[in-house]
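Each residue of the sequence shown is one higher than the last, beginning at 1156 in this note's numbering. Below is one structure, written out as structure tokens, with a few remarks after it.
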Amino acid sequence: MQIGLGTLTAHYTVEGQHFYGFPLADWLPYAVTRTWHTQIAIFWIATAWLATGLYIAPAISGYDPPWQTLGVNVLFAALLVVVAGSLAGEWLGVQQRLGLDTNFWFGHQGYEYVDLGRFWQILLFVGLLLWLFLVGRALWPALRKPSDSRSLIASVFVSTVAIALFYSAGLAWGKHTHLAMVEYWRWWVVHLWVEGFFEVFATAVIALLFMKLGLVRAKIASSAVLVSAIIFLSGGIIGTLHHLYWSGTPASVMAFGAVFSALEVVPLVLLGLEGYNNYRVTKTATWVFAYRWPILFFVAVAFWNMLGAGVFGFLVNPPISLYYIQGLNTTAVHAHAALFGVYGMLGIGLMLFCLRGLTARDAWDDRLLKWGFWGLNIGLAMMLFFSLLPIGAIQGWAAVAEGFWYARSVEVVQSPLVRTLVWMRVPGDIVFGLGALLIGLFLFKLWRGSLGRVSLETGRKGESPLAAE
């Protein structure tokens, strides 16, 4: 659904309000498809990460608290309510079916990535607190037990606390708050919450998994998490400031933000490279072979973190770049490469890691995973280099030569060259969509092949990479 909405949103840029002549925008206007495209991305990626926390906590500690299953089911049901309710409210808000007060609470707030109404935000925050409670009580026995991985487990727990609590920054503004203040707090959610504490959680979880799989030494894993935490806690707030160009922030402040933001990609990249190098040496080991595809998705995270968040992110971070190319297709390059390339790939990798321990081994179809993996990566690269990046370069040149207003004008975005480059996105979208379809087919076959069966591979003592030490 999210991929289809993205394709439809891109199509609107060449055909306006129609879809091959059909006035689809009467029912699904651009504002709705774009909102749903970004909102669903956050929802499914965050769901994969939160589910991973619920899976690894009892697996690490060896303790399954009472009523944990009920708590997980309640959390999942609440998530469905928030997703369905917020998406419906956003459609009603854009269609102007709600009053101004009702729209703020149940409709569309109009702020990208935190579009959902305040009522749904509050429910989501309550759900995060429930998730923190469920993960924390399952992890607690492992935190009290001395082990080589105790510092990593503590890092996972601390990042879990930060994820649950720091979403509250999205509740810091009201209906009549000044836009500059709203932008400040909004970027606390988009940058510090998503790109900050989620990345600490990601680094800690991947470090723990890589160490359990024997791909990374405990010292390297602990150091990567420590460096990651230092960068995010000391520079994460400063790094957020490079987003505040439209809030009257001084150039000197944004420069500090750009520098610290660029450093955020370092720990996960180094950890991924270390894991891949050790994977090549030890890939014949039983557990490493069984977890091959989750590991390769984690390696893809390191690559896209370096390129999408690092190179393309720093391309638009410095104040001089922000002055000319903020809000052009250069931003879309960074957004797609970083959001899906890093967080999407990580979400899929974490999902596969959990499924590896929950399903029967012979139900896996590695061929579908192989083609799905390469389809997603190659399709994303084609989308970026065949379409978004060239269009961003054209707009950037127009902004420098004539002005930002001209770069976003009809003369540029509807020029024959740019329209051709928009259509050049189709091959990459097709490859990417096929990759996602193959992953979906793999999941369906895995579900069918595992009905009524238990994963005996992870049930025997000592064979699970997450077994408590």
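Glycine is no exception: its CB is placed at the ideal position from the N, C-alpha and C atoms. Remember, it's a predicted structure, so these values are computed and weren't measured experimentally.
Within 8 Å, strictly: CB atoms of residue i and residue j
| i | j | result |
| --- | --- | --- |
| A1186 | V1249 | yes |
| W1340 | F1321 | no |
| A1445 | R1516 | yes |
| S1542 | G1583 | yes |
| V1376 | L1368 | In the sequence on display, residue 1376 carries Ala and not Val. It is not a contact, given that the beta carbons lie outside the stated cut-off. |
| S1378 | H1397 | no |
| A1641 | V1344 | Beyond the ends of the chain as shown, which are 1156 and 1624, falls residue 1641; an answer cannot be given. |
| L1326 | W1286 | no |
| G1403 | A1335 | yes |
| A1406 | P1474 | yes |
| F1452 | F1353 | no |
| L1576 | I1546 | yes |
| G1588 | I1158 | yes |
| Q1223 | A1319 | no |
| Q1550 | L1477 | no |
| V1380 | S1310 | yes |
| Y1561 | A1548 | no |
| F1177 | H1166 | no |
| I1503 | I1392 | no |
Contacting residues, own chain, Cβ-Cβ under 7 Å from residue i (five flanking each side not counted)
| i | result |
| --- | --- |
| A1623 | Bear in mind that the predicted position of A1623 carries a pLDDT of just 46, short of 50, making it unreliable; the figure below should be weighed with that in mind. For A1623, where only same-chain residues beyond five positions count, the Cβ hits under 7 Å are I1215, S1216, G1217, A1297. |
| V1337 | Y1266, W1328 |
| F1259 | G1272, R1273, K1330 |
| V1586 | G1530, I1533, G1534, M1537 |
| L1631 | Because residue 1631 is not part of the residues shown, which for the chain are 1156 to 1624, the question remains open. |
| L1234 | T1202, G1282 |
| Q1172 | P1178, A1180 |
| P1184 | V1249 |
Residue i classed as buried or exposed, judged by whether at least 16 other C-beta atoms fall within 10 angstroms
| i | result |
| --- | --- |
| M1366 | buried |
| R1372 | exposed |
| G1617 | The predicted model places G1617 with a pLDDT of 36, which falls under 50 and marks its position as unreliable, so this point remains unresolved. |
| W1578 | exposed |
| N1228 | exposed |
| E1170 | exposed |
| H1489 | buried |
| I1385 | exposed |
| R1580 | buried |
| T1485 | buried |
| L1539 | buried |
| A1232 | exposed |
| P1571 | exposed |
| E1566 | exposed |
| A1239 | exposed |
| G1412 | buried |
| T1164 | buried |
| Q1264 | buried |
| E1557 | exposed |
| L1225 | exposed |
| F1597 | buried |
| Y1400 | buried |
| W1182 | exposed |
| H1333 | exposed |
Selection from the options that minimises the alpha carbon distance to residue i
| i | options | result |
| --- | --- | --- |
| A1203 | A1165, V1169, F1174, L1505 | L1505 |
| M1461 | A1492, H1331, S1306 | A1492 |
| V1555 | T1404, Q1481, D1181 | Q1481 |
| I1195 | G1282, V1567, S1241 | S1241 |
| M1156 | R1603, K1600, A1591 | A1591 |
| V1237 | D1270, F1453, T1224 | D1270 |
| F1356 | V1382, P1221, W1342 | V1382 |
| T1358 | L1399, L1307, H1333, W1401 | L1307 |
| L1507 | T1224, D1303, I1361 | I1361 |
| R1447 | D1520, P1221, V1471 | D1520 |
| L1494 | G1351, L1284, L1294 | G1351 |
| I1200 | M1500, F1467, P1184 | M1500 |
| F1198 | W1182, V1466, L1183, L1279 | L1279 |
| A1455 | V1568, K1525, R1305, N1472 | K1525 |
| R1563 | V1380, Y1479, F1467, S1302 | Y1479 |
| L1544 | F1177, H1333, L1470 | L1470 |
| D1219 | R1574, T1168, W1295 | W1295 |
Residues sharing a beta bridge with residue i, DSSP
| i | result |
| --- | --- |
| L1271 | H1263 |
| F1177 | F1174 |
Own chain partners of residue i with C-beta closer than 6 Å, once the 5 adjacent residues on each side are dropped
| i | result |
| --- | --- |
| F1261 | G1244, G1272, F1274 |
| T1190 | E1245, D1270 |
| L1160 | T1188, W1191, H1192 |
| V1408 | L1396 |
| R1615 | Note that R1615 scores 42 on pLDDT, short of 50, meaning its location in the model is unreliable and no value can be drawn from it. |
Residues of its chain near residue i, where Cβ-Cβ distance is below 8 Å and the 5 sequence neighbours each way are ignored
| i | result |
| --- | --- |
| V1290 | G1208, L1209, A1212, F1312, T1315 |
| T1162 | D1584, G1588 |
Contact test: residue i Cβ vs the ligand ADP heavy atom, cutoff 7 Å
| i | result |
| --- | --- |
| I1533 | This structure lacks the ligand ADP; in fact it carries no ligand of any kind. |
Interface flag, residue i vs chain C, CB-CB below 8 Å
| i | result |
| --- | --- |
| N1460 | In the structure shown, chain C cannot be found, because there is only a single protein chain. |
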